[in-house]
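One structure is given here, and the rest of the page talks about it.
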Amino acid sequence: MELEANYQTADNFIRSAAKHDATLAVLPEYHLLNWVPHDEKFKEACGQWKEYLERYQALAKECNICIVPGTILELHDAGTEDEVLLNVAYFIDNTGEIVGRYVKKNLWGDIERLHLTSSSTDAHPVFDTPMGKVGLLICWDLAFPEAFREMIRQGAKIIIIPTFWTLADCSKAGLAVNPSAEALFLDSMLTARCFENTCAVIFANAGGPPGKGYAGLSQVCVPYAGALTRLGSSAEGMAVVDLDMKIVEDAELNYQVRADLARADWHYGYKHGHEAKTCLEHQSFRRFRKHLNIREARFATRLTHADSLRGLSSVHTVQLEPVELRAVPQAVSEVLVSHENRFGVDGSEHTRRRGLSWDLNSCKVSTSSGVGGNGRLR
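Quick note, the sequence shown lines up with residues 80 to 457 if you use this note's numbering.
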């Protein structure tokens, strides 16, 4: 497996982001290993999660930059009855401390449910970061408005979502009705979430060669404006976006969504309590031991055009080419995201990378991606 190679690529990308005065660097979901649970080396590699998490912590401190290292697959209690595999997103501050941890709650079909353990009934946590209160979601979590409301009620104003979403996620019946159904789904959800919660949503999705099934559509959404930047095709791209958080505050003054949520007579109940919990007690998680034959989709994180981040102030977004990878942007003063995937959605071999960066407050967002060839797990 290209675990170390992927880490080194991410390391280089983060260092480049720091040189551009980035406050936060964000990597994609599955950026170290991709999603290949049927590979014979996969489980062993997932057992190395702690080593790489600690290296990201050291890197954050050395470069004085916050890091959200996409998601890290964690294998706990390997070989025992309590064995669980978790898909985890962390927020590491610029001193190297972990200030946020979130285990993916809403798993995508049997592809993930047969292998991963969900955070289940644990509440969605909100974290105090150098950027303010931030919430983390992962990919399919986006489809559930309850997740946003739970975090907004706790004061989150920025929601960061690393994602790997393809056009192939739609059924044949759905595609027959609308070939662009997944694009409509993503655009509609992202716009709705920022309006209905008066928050900023940072969404970075995988991109790839046209015609290969990638959805792309990476974007940063705020109330009033909707997508400040939107990569309208699946192709690789890079962009920088100025995100003025005053827009979020003005929207709240106008719509008063948060104010209504805080009212004593608020009439909608929640399954979870106001206090967020983190998933630390793995013994309580359900365990799945069935196996699913899934086509191998591999990827490797790779640095891309970091130099082009300098001086950019226009609004764009990026797309990556992953197969089980998702990229998400965020940052207070600049966020960088990069990733590369090895196998296309259709099984063809090719590699793509992408990077993202932004500035929160006057948040700049930039993304980039590239294509290469030959991808094997090793």
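Cβ atoms here follow ideal geometry from the backbone N, Cα and C, with glycine treated the same way.
Values in this document were obtained by computation on a predicted structure and should not be read as measured data.
Endpoints, the alpha helix (DSSP H) within which F92 is located: 82-98
K122 beta carbon less than 8 Å from that of L154: yes
Within 8 Å, strictly: CB atoms of I93 and L164: Between I93 and L164, the C-beta gap is not smaller than 8 Å, which leaves the two residues out of contact.
A235 and C278 closer than 8 Å at C-beta: yes
Identified DSSP bridge partners for E153: L165
Contact under 8 Å by Cβ, G175 with K129: no
Euclidean distance between Cα positions of I240 and W345: 28 Å
Local conformation of C273 per DSSP, three classes: helix
Which of helix, strand or coil DSSP assigns to L283: For the sequence presented, residue 283 should be read as Ala rather than Leu. DSSP places A283 in strand when its eight states are reduced to three.
Spatial distance of I151 from L254 (CA atoms): 32 Å
Of the listed residues G188, I231, K325, E275, nearest to K212 (C-alpha basis): I231
Endpoints, alpha helix (DSSP H) assigned at K291: No alpha helix (DSSP H) contains K291, which DSSP labels as neither H nor E.
D201 versus K184: straight-line alpha-carbon distance, rounded: 9 Å
Identified DSSP bridge partners for T208: G211
DSSP beta-bridge partners of I171: I146, I177
Top-ranked residue by Cα proximity to C249, from T270, P289, G188, H203: G188
Beta-carbon spacing of L215, F243 below 8 Å: no
Y181 beta carbon less than 8 Å from that of G149: No. Outside cutoff.
Beta strand (DSSP E) runs contained entirely in the stretch 183-257, provided each spans 3 or more residues: 205-208, 211-215, 237-241
Residue nearest to I237 in terms of C-alpha spacing, selected from N85, P204, H194, R192: P204
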